[in-house]
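Trainee: Starting off with a structure, shown below.
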Amino acid sequence: MTGNSDEIEAKNASDVYNKNKRDCKNMPDTLTNSIDNQDSGPSHQGFDNQANVVIVRYGELALKSTGVRNWYEKILMKNIAAMLNSRSIPHSLIRREWGRIFIETTDPRAAGAAADVFGIVSTSSALITEPDIESAARTCALLGTSLIREGESFAIRARRSGNHSFTSADLGRNCGDAVWNALENEGKHPRVDLGSPDKEIFVEMRQNLAYVYLETVKGVGGLPLGTQGSMVVLMSGGIDSPVAAWLMMKRGVMIIPVYCNTSPYAEDAARERAFDCIRQLQAWAPGHQFTTYELPHGPNLQAFIETCDRKNTCLLCKRMMYREAYEIMKKEGASGIITGSSLGQVASQTAANMHAEIYQLSIPIYHPLIAFDKSEIVVIARRIGTYEISIRPAGGCAAVPEHPEVKANYDLIVIEEKKLGIETMVSDALKVAKVLKL
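To convert, note that position 108 of the sequence shown is 108 in UniProt numbering; the numbers rise steadily by one, no gaps.
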């Protein structure tokens, strides 16, 4: 971080900023023609090679109070830098203005990488120009002649902020005229279509600089990771728990994965699958190292099977996991426990059973997937890169009863637990817990 809290990862930040302004004045009269003569459909490759900044837009954090917003923005900037560094994307400066963050880079991968940072709603690779109509119109005309083919329609989408002597409509009209005239001079016979154009050119005029871009990359949204403290997540390696963890990360929560190893009732492949899911989630959190706990859970399952009514094994199992996770939560100073439970998805996840799982337990439990259909969960799993890991063959849990309880008697579950040395079982598991950095 530099001496200026509004800029990070910069060498001679003011020199970089001033150089960009000089480059605006010295912009060449023609752009690369790598877009021309391509008949396979639209491409922005030539523009991407010319773009020198990424515009970063964020969502609901803009609604926070000034102090909270300032803190969130600084964390977001650090997270952006960490994501770029994790993907070896060079950048000279990350700076912020009111409502925007800007990444000074010429790497075309930067917009996509930044869009994967929690808290960002969209990004755009852009060209910087001077904050006046003439400079913006000139840049739009250069882009238009490279981008728009014979017979294609176009539209200018313009907006401004700050103090200017012209309106957004004035800006759009002048830029549109410049593009039209440039295309006419090339004999392309342009068409304007504000409703459904073939090509769009966007202009964002701010107080000190203007930005011209062609497309917007949708971000993951949410809040910056690390702004909402930490929570323990019960990680099984199936499809659901990684998605639940990711959704809470999206809301700014740093996760502490806990894997309850059910060996000998599960195969070693189940353990590796869970750890690979954790590693994949770690890729969404560069700059934040997960602390992962592995606890032996096989002895607990054996005690449930040998001592208690067989149909209650799954309920007793989950209650034990909650107790163990709660102790880790307190140790780590975390605020809750995350599960991948989805109402009615499997026999053990009925409303009655989910109540029984927490009956008389004063433990804060979060179920991000509670109202999700399985198909919705799968879509997210594919998006975040855990689906192919989660569907790897790993066998099922051999401790699951043939006929599990689906409408638990809450008091009966408590009576069942009195047959066991619950506190000793929790203590024994925590004593031999492994703390891992995957």
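Ideal Cβ positions, reconstructed from N, Cα and C, are used throughout, including at glycine.
The structure displayed is predicted, hence computed values, not measured ones.
Let me make sure I understand the geometry here. Which of 366, 141, 408 and 233 has the alpha-carbon closest to that of residue 201?
Mentor: Mapped onto the sequence shown, residue 201 falls at position 201. It is 141 whose Cα lies nearest to the Cα of residue 201.
Trainee: In the DSSP assignment, find the alpha helix (DSSP H) that holds residue 242 and state where it starts and stops.
Mentor: Start at 1 with the first residue of the sequence shown, and residue 242 comes out as number 242. Looking at the DSSP string, the run of the alpha helix (DSSP H) that includes residue 242 is 240 to 250.
Trainee: List the residues that DSSP assigns as beta-bridge partners of residue 332.
Mentor: Looking up residue 332 in the sequence shown gives position 332. Paired residues: none, contrary to the question.
Trainee: Where are the beta strand (DSSP E) runs, 3 residues long or more, that stay fully inside the stretch 270 to 310, in chain order?
Mentor: Taking only runs of at least 3 residues, the beta strand (DSSP E) segments lying wholly in the stretch 270 to 310 are 292 to 296.
Trainee: Could you compute how far the alpha carbon of residue 68 sits from the alpha carbon of residue 250?
Mentor: Your numbering for residue 68 matches position 68 in the sequence shown. Your numbering for residue 250 matches position 250 in the sequence shown. Going from the Cα of residue 68 to the Cα of residue 250 covers about 18 angstroms.
Trainee: Reducing DSSP to helix, strand and coil, say where residue 105 ends up.
Mentor: For the purposes of this step, residue 105 is taken as the residue at position 105 of the sequence shown. Reduced to three states, the DSSP call for residue 105 is coil.
Trainee: For the 8 angstroms Cβ check, are there 3 or more pairs between the stretch 354 to 369 and the stretch 314 to 326?
Mentor: Contact holds: three or more Cβ-Cβ distances are below 8 angstroms.
Trainee: Identify, in the order they occur along the chain, each residue of the same chain with its Cβ nearer than 7 angstroms to the Cβ of residue 282, setting aside the five sequence neighbours on each side.
Mentor: As a first step, residue 282 must be located in the sequence shown, where it is residue number 282. Excluding positions up to five away in sequence, the list reads 290 and 438.
Trainee: Considering only residues of the same chain and omitting the five flanking positions on each side of residue 381, which have a CB-CB separation below 8 angstroms?
Mentor: For this step, residue 381 is matched to residue 381 along the sequence shown. The residues are 239, 242, 243, 387 and 390.
Trainee: If contact is defined by three or more beta carbon pairs under 8 angstroms, each pair taking one atom from either stretch, is the stretch 85 to 100 in contact with the stretch 188 to 200?
Mentor: Flag = no, the stretch 188 to 200 and the stretch 85 to 100 do not touch.
Trainee: Check residue 446 in the structure and name its three-state DSSP category.
Mentor: The structure shown does not extend to residue 446, since the chain spans only 1 to 438, so no value can be given for it.
Trainee: Is it true that the CB of residue 205 sits closer than 8 angstroms to the CB of residue 136?
Mentor: For the purposes of this step, residue 136 is taken as residue 136 along the sequence shown, with counting starting at 1. For the purposes of this step, residue 205 is taken as residue 205 along the sequence shown, with counting starting at 1. Yes, the Cβ-Cβ distance between residue 136 and residue 205 is below 8 angstroms.
Trainee: What number of angstroms, rounded off, separates the C-alpha of residue 417 from the C-alpha of residue 299?
Mentor: Within the sequence shown, residue 417 is the residue found at index 417, counting from 1. Within the sequence shown, residue 299 is the residue found at index 299, counting from 1. Roughly 15 angstroms separates the two Cα atoms.
Trainee: Report yes if the C-beta distance between residue 127 and residue 50 is below 8 angstroms; otherwise report no.
Mentor: Position 127 of the sequence shown holds residue 127. Position 50 of the sequence shown holds residue 50. Going by C-beta atoms, residue 127 is nearer than 8 angstroms to residue 50.
Trainee: Can you check which of these residues, 185, 179, 293 and 213, is closest to residue 52 by C-alpha distance?
Mentor: For the purposes of this step, residue 52 is identified with residue 52 of the sequence shown, where counting begins at 1. When each option's Cα is compared against that of residue 52, the closest is 213.
Trainee: Rounded to whole angstroms, how far is the Cβ of residue 133 from the Cβ of residue 170, which I believe are closer than 8 angstroms?
Mentor: Position 133 of the sequence shown, counted from the start, is the residue given in the question as residue 133. Position 170 of the sequence shown, counted from the start, is the residue given in the question as residue 170. Confirmed, Cβ separation roughly 7 angstroms.
Trainee: I'd like the list of long-range same chain contacts for residue 351, defined as Cβ closer than 7 angstroms, with 5 residues on each side in sequence excluded.
Mentor: In the sequence shown, the residue the question calls residue 351 occupies position 351. Result list for residue 351: 343, in chain order.
Trainee: Taking C-beta to C-beta, are residue 303 and residue 225 nearer than 8 angstroms?
Mentor: Within the sequence shown, the letter at position 303 stands for residue 303. Within the sequence shown, the letter at position 225 stands for residue 225. Not a contact, by the Cβ cut-off of 8 angstroms.
Trainee: Does the stretch 175 to 191 come close enough to the stretch 149 to 162 to have 3 or more Cβ pairs within less than 8 angstroms?
Mentor: Contact holds: three or more Cβ-Cβ distances are below 8 angstroms.
Trainee: Give the range of the alpha helix (DSSP H) segment to which residue 353 is assigned.
Mentor: The residue labelled residue 353 in the question sits at position 353 within the sequence shown. First-last of the alpha helix (DSSP H) with residue 353: 351 to 358.
Trainee: Where residue 113 and residue 415 are concerned, what is the direct C-alpha to C-alpha distance, given to the nearest angstrom?
Mentor: Here the question's residue 113 lines up with position 113 in the sequence shown. Here the question's residue 415 lines up with position 415 in the sequence shown. Between residue 113 and residue 415, the C-alpha separation is close to 53 angstroms.
Trainee: If you measure between the beta carbons of residue 442 and residue 102, is that distance less than 8 angstroms?
Mentor: Shown here, the chain extends from 1 to 438; a query on residue 442 therefore has no answer.
Trainee: Could you name the residues of the same chain whose beta carbon sits closer than 7 angstroms to that of residue 287, not counting the 5 residues immediately before and after it, in chain order?
Mentor: As a first step, residue 287 must be located in the sequence shown, where it is residue number 287. 78, 79 and 82.
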